[in-house]
Structures are given as C-alpha cells and as structure tokens.
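The next block holds one structure in the form of structure tokens; read it before the comments.
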Amino acid sequence: MTSNFELEHRVARLEQLVEGLYRHLDLPLPQQQYDPLTPVRELALAGKTIPAIKLYREITRTGLKEAKLAVEAMTR
6 MTSNFELEHR
16 VARLEQLVEG
26 LYRHLDLPLP
36 QQQYDPLTPV
46 RELALAGKTI
56 PAIKLYREIT
66 RTGLKEAKLA
76 VEAMTR
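End of the sequence shown sits at 81 in my numbering; the numbers just go up one at a time, nothing left out.
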C-alpha cells in the first residue's frame with residue numbers, strides 16, 4: 006500500500022517535471038494553488054543550496070543525491 010507521503014512526493018516530482026516541460030517549450034506556467042516546494046526553490050535561487058537541499062529532503066523524504074539533483078535542477 007502506498008502512503009499519502011509517498012503519493013505526495015510522486016505528485017510533487019511529476020509537477021516538477023511538467024514545470025520543466027513548460028519552461029523548455031517556453032510556455033507560461035499555469036497558476037498553481039499550492040506548491041510545497043516553493044520555499045525550497047526560493048532558497049535555491051537565492052544561492053542557499055545546502056539549506057535548500059535539507060528542506061527538500063525534509064519535505065520529500067528523499068536521499069541526499071536525489072535532493073541535490075532536484076535542487077540543482079531548480080536553478081537551471
């Protein structure tokens with residue numbers, strides 16, 4: 006059985022991928038009601054990579070490598 010947390014993580018990852026596609030295609034992003042990764046993205050864009058990685062791991066319960074890659078992708 007998949008936990009709510011695992012489902013939330015999967016949805017967050019899918020939203021991240023869709024956002025990347027919108028940017029790649031140079032399309033405007035649709036308005037979102039709530040993005041739990043917004044604080045992570047703000048830290049990453051402010052150059053605070055380590056705090057961003059720590060927060061990403063807390064939110065998503067992922068490993069260090071995946072969190073590092075995700076945060077780096079947010080700044081591209």
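Don't be surprised by glycine CBs; every beta carbon is placed ideally from N, CA and C. Keep in mind it's a predicted model, so treat the numbers as computed, not measured.
Out of R15, A57, R28, the CA that lies nearest to the CA of A49 is found in A57. DSSP places R15 within a helical segment (H, G or I) once states are collapsed to three.
Between T54 and A17, the gap from beta carbon to beta carbon reaches 8 Å or more. Under the three-state reduction of DSSP output, R62 falls in the helix class.
Straight through space, the alpha carbons of E47 and Y39 are spaced by roughly 14 Å.
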